[in-house]
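Quick note: the sequence shown uses numbering that gives the first Met the number 0, first residue 0, plus one each step. Here's the structure we're looking at; comments come further down.
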Amino acid sequence: MTAILQAGLGTRSITAFLWGVGGAFLRLFMQMAAQIVLARLLGPEQYGLFAISVVVMSFSAFFSDIGMAYGLIQRKSLDDSHVRFVFGWQLVLGVAVAGLLVLLAQPLGEFFREPRLQALILALAPLAFVQAISAVSLNLLKRELDFKTLQIAQTLAYFLGYVCVGIPLALGGAGVWALVAAWGVQSLISLVLMYRAARHPLQPTLRHPDARSMGRFGGTVLLTNLTNWLIGNVDRTIVARTLDSASMGLYANAYNLVNTPSSTMLGFMQPVLYSACAKIQDDPQRIRKAYLLLMAGIGLVVMPVFFAMSAVADTLVLALYGQRWAQAAVVLQPIALAMPIALLWGITTPVLWNTGRASLEFKMQLPFAGLWLIAAWVAAQVSLATLAWTVLGLFTLRTLLFTQLAIRQIGVTWADCVRTLRGGLLLTAGVALAGWGADGSGREGRPG
């Protein structure tokens with residue numbers, strides 16, 4: 000019976016992974032195409048203004064979901080009372096965060112020295128509530144490894160929001176409001192589709208016998224995610240605070256060009272690994288195999304692509320975005336190198352959480368976040384390029400540190416990691432050098 004259950008879990012995990020990959024790449028293609036069109040239509044200044052509001056909303060999103068909804072994935076046994084309890088607190092948090100955003104809209108505009116930001120935050124504040132109540136259905140789908148339904152819902156929502164609403168509004172001269180409307184439509188449609196697929200009780204409760212353990216887990220997730228947010232967004236926050244919205248647009252667009260595919264991949268890698276590991280917590284050998292398999296995939300598939308993008312950064316920016324965005328290339332070059340390194344860090348989180356080391360991750364992240372803040376602030380005073388290269392160095396240091404923590408928990412050595420990545424590193428070197436050589440030859444052959 001155990002063998003049958005394990006085989007079933009393996010089949011479901013593989014199916015979930017394949018749906019995750021297929022759906023993610025379809026949505027990724029659509030996201031990239033839509034973002035390129037919108038960036039060309041809006042330009043760095045309008046795009047940068049929206050990017051500042053995204054920084055604010057992404058921070059508030061952590062308080063809309065303090066981690067209890069994510070805990071629905073981790074629980075071995077789950078009934079309606081757990082779901083009602085989580086939903087109740089999601090309602091409370093959603094209302095509280097949306098209200099707080101309304102109250103802080105003006106001070107935030109003053110902090111970022113951008114008076115136009117106030118109106119954007121007021122318009123986007125209700126989305127904090129939408130995201131909060133979406134979290135229950137989202138995590139129930141992840142718990143069941145139903146990535147087919149999840150990918151269909153998210154892809155359709157993005158298409159209707161950004162392609163059917165955002166691009167036409169941008170063509171009509173709506174400016175930054177085209178992006179605001181697109182985000183709103185996407186969030187609402189995603190909520191409806193996910194709830195339709197993962198219906199849950201709508202009778203909220205704020206009491207539960209397991210409230211303490213669920214709250215403790217949620218608190219750990221919240222603190223860890225907030226620290227991760229600080230590390231992942233402090234550079235953009237500093238750019239938004241110290242430079243103008245056009246500079247923010249250049250930095251954010253170059254970052255998003257590579258971070259969008261990276262985040263998409265991490266978005267299905269982490270839940271699949273986390274859900275699978277949660278069901279085999281007592282089998283370190285299978286966790287080791289799953290971890291090294293993902294590491295090999297990053298080395299063989301992801302790393303060559305991003306290193307090649309770095310090698311041809313100038314040409315890539317001009318081809319995709321046009322001359323108005325040419326200065327974004329100095330940011331793209333190092334940030335593209337950082338993305339596969341960041342993915343190697345990302346797959347350590349499910350390992351640490353499923354081996355009882357979730358609090359250890361937070362404890363190690365906190366001082367590192369302080370280092371990130373100081374280093375990014377100093378680098379930003381020099382130039383955008385200096386900041387981007389500093390971020391690459393910080394990503395590398397963090398990945399080395401957390402890989403050491405993760406492999407220690409599951410009995411993997413650095414020699415195992417090197418053997419796993421060896422083929423990918425050789426392929427990456429060949430692809431990057433070929434891209435760099437071809438790009439250089441192409442430039443020499445151009446007139447003028």
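Idealized CB from N, CA, C, for every residue including glycine.
Measure from the alpha carbon of W388 to the alpha carbon of each residue in A328, T412, V164, G434, then state which is nearest.
Stepping through the sequence shown from its first residue, residue 388 is reached at position 389. Of A328, T412, V164, G434, the residue nearest in Cα terms is A328.
Within its chain, find whatever has a CB closer than 6 Å to the CB of G171; leave out the 5 residues flanking it on each side and keep chain order.
Locating residue 171 in the sequence shown gives position 172, counting from the first residue. Closer than 6 Å at Cβ, skipping near neighbours: no residue.
Give me, in chain order, the residues of the same chain whose beta-carbon lies closer than 6 Å to that of A335; leave out the 5 immediate sequence neighbours on both sides.
Position 336 of the sequence shown, counting from 1, holds the residue named residue 335. Hits under 6 Å: V257, F305, M308, S309.
Cβ-based neighbour list, L90, same chain, cut-off 6 Å, excluding 5 preceding and 5 following:
Translated into the one-based positions of the sequence shown, residue 90 becomes position 91. For L90, where only same-chain residues beyond five positions count, the Cβ hits under 6 Å are P203.
Own chain, CB closer than 6 Å to G174, minus 5 neighbours either side, in chain order:
As a position in the sequence shown, residue 174 is number 175, starting the count at 1. Q45.
Please list the segments of the alpha helix (DSSP H) lying wholly inside the region 298 to 345, counting only runs of 4 or more residues, in order along the chain.
302 to 310, 312 to 320, 328 to 345
Does the region 221 to 232 come within contact of the region 363 to 370, defined as at least 3 CB pairs closer than 8 Å?
Between the region 221 to 232 and the region 363 to 370 there are three or more inter-stretch CB-CB distances shorter than 8 Å, so the stretches are counted as touching.
Do you know whose CA, among G369, Y290, T385, lies nearest L342's CA?
Working through the sequence shown from its first residue, we reach residue 342 at position 343. It is Y290.
Touching or not, the region 246 to 253 and the region 312 to 332, by the rule of three or more beta carbon pairs under 8 Å?
yes
Exposed or buried, what is F28 when buried is set at 16 or more other beta-carbons lying within 10 Å of its beta-carbon?
Against the sequence shown, residue 28 aligns to sequence position 29. Flag for F28 reads exposed.
Any idea what DSSP makes of G171, helix, strand or coil?
Taking the first residue of the sequence shown as 1, we reach residue 171 at position 172. Looking at G171 - three-state DSSP - the assignment turns out to be coil, as it is neither helix nor strand.
Please state whether DSSP places V411 in a helix, a strand or coil.
Stepping through the sequence shown from its first residue, residue 411 is reached at position 412. Residue state, collapsed to three classes: coil.
Extent of the continuous alpha helix (DSSP H) to which T148 belongs
Taking the first residue of the sequence shown as position 1, residue 148 is located at position 149. Where T148 is concerned, the enclosing alpha helix (DSSP H) stretches over 146 to 157.
Closest by CA to M302, which one among L396, G369, L420, I188?
Locating residue 302 in the sequence shown gives position 303, where the first residue counts as 1. The candidate whose alpha carbon is nearest that of M302 is L420.
Please list, in chain order, all residues of the same chain as A459 whose beta carbon is under 7 Å from its beta carbon, the five residues on each side excluded.
This structure cannot speak to residue 459, because the chain is shown only from 0 to 447.
Among the residues of its own chain, which have a CB less than 7 Å from the CB of F128, if the five just before and after it don't count?
Walking along the sequence shown from the start, residue 128 turns up at place 129. Around F128: G93, V94, A97.
Candidates T148, T259, L139: which alpha carbon is nearest P200's?
Within the sequence shown, numbered from 1, the residue matching residue 200 stands at position 201. Of the candidates T148, T259, L139, the one whose C-alpha sits nearest the C-alpha of P200 is L139.
Go ahead and pull the three-state DSSP assignment for R206.
Along the sequence shown, read from residue 1 onward, the residue named residue 206 stands at position 207. DSSP places R206 in coil when its eight states are reduced to three.
Comparing C-alpha positions only, which one of A375, L292, V316, V390 sits nearest to R418?
As a position in the sequence shown, residue 418 is number 419, starting the count at 1. Comparing Cα-Cα distances from R418 to each of A375, L292, V316, V390, the minimum goes to L292.
Cβ pair count under 8 Å reaching 3, the region 405 to 413 against the region 379 to 397
Output reads no: the region 379 to 397 does not touch the region 405 to 413.
Would you give the residue range spanned by the alpha helix (DSSP H) that V101 belongs to?
As a first step, residue 101 is located in the sequence shown; it is residue number 102 there, counting from the start. It spans 79 to 110 - the alpha helix (DSSP H) in which V101 sits, taken as one unbroken run.
Let me make sure I understand the geometry here. Which of R83, L25, A374 has the alpha-carbon closest to that of L205?
Taking the sequence shown and counting its residues from 1, the one referred to as residue 205 is at position 206. Measuring from the Cα of L205, the nearest candidate turns out to be R83.
According to DSSP, is L351 helix, strand or coil?
Working through the sequence shown from its first residue, we reach residue 351 at position 352. Helix, per DSSP.
Compare the C-alpha of S246 against each of G410, V191, W324, I230 and name the closest.
For the purposes of this step, residue 246 is taken as residue 247 along the sequence shown, with counting starting at 1. Nearest C-alpha to S246: W324.
Helix, strand or coil for A239? Go by DSSP, reduced to three states.
Reading the sequence shown from its first residue, position 240 is the one you call residue 239. Note: A239 maps to helix in three-state DSSP.
Would you kindly check if the distance between the Cβ of M264 and the Cβ of I346 is under 8 Å?
Residue mapping note: residue 346 aligns to position 347 of the sequence shown, counting from 1. Residue mapping note: residue 264 aligns to position 265 of the sequence shown, counting from 1. By the CB criterion at 8 Å, I346 and M264 fall outside the cutoff.
I'd like to check one pair, R26 with K148: are the Cβ atoms closer than 8 Å?
Taking the sequence shown and counting its residues from 1, one reaches residue 148 at position 149. Taking the sequence shown and counting its residues from 1, one reaches residue 26 at position 27. Reading off the sequence, residue 148 comes out as Thr, not Lys. In this structure, R26 does not lie closer than 8 Å to T148 by Cβ.
Can you grab the Cα-Cα spacing for the pair V300 / E143, in whole Å?
Residue 300 sits at position 301 when you count from the first residue of the sequence shown. Residue 143 sits at position 144 when you count from the first residue of the sequence shown. Rounded to the nearest angstrom, the two C-alpha atoms are 27 Å apart.
When you compare only the Cα positions, how much space is there between L41 and D313?
For the purposes of this step, residue 41 is taken as residue 42 along the sequence shown, with counting starting at 1. For the purposes of this step, residue 313 is taken as residue 314 along the sequence shown, with counting starting at 1. When rounded, the distance between both Cα atoms is 20 Å.
Kindly list the residues whose CB is nearer than 7 Å to the CB of S261, restricted to its own chain and excluding five residues on each side of it in sequence; keep chain order.
Position 262 of the sequence shown, counted from the first residue, corresponds to residue 261. Result list for S261: M338, A341, L342, in chain order.
By how many angstroms is the C-alpha of L315 removed from the C-alpha of E113?
For this step, residue 113 is matched to residue 114 along the sequence shown. For this step, residue 315 is matched to residue 316 along the sequence shown. E113 and L315 have their alpha carbons spaced roughly 30 Å apart.
With distances taken from CA atoms, which of V85, G298, A368 is nearest D234?
The residue you call residue 234 lines up with position 235 of the sequence shown. A check of alpha carbon separations from D234 across V85, G298, A368 identifies A368 as the nearest.
By Cβ distance below 6 Å, which residues in the same chain neighbour A181 in space, the five residues on each side in sequence not counted?
Position 182 of the sequence shown, counted from the start, is the residue given in the question as residue 181. Hits under 6 Å: G160, Y161, V164, G165.
Proximal residues to L370 (C-beta, below 8 Å), its chain only, five neighbours per side dropped
Numbered from 1 along the sequence shown, position 371 holds the residue referred to as residue 370. Excluding positions up to five away in sequence, the list reads L393.
Ordered along the chain, which non-local residues of its own chain (more than five positions away) have a Cβ less than 6 Å from that of P333?
For the purposes of this step, residue 333 is taken as the residue at position 334 of the sequence shown. The residues are A387, W388, L391.
Cα-Cα separation, A374 to V381:
For the purposes of this step, residue 374 is taken as the residue at position 375 of the sequence shown. For the purposes of this step, residue 381 is taken as the residue at position 382 of the sequence shown. One C-alpha to the other measures close to 11 Å.
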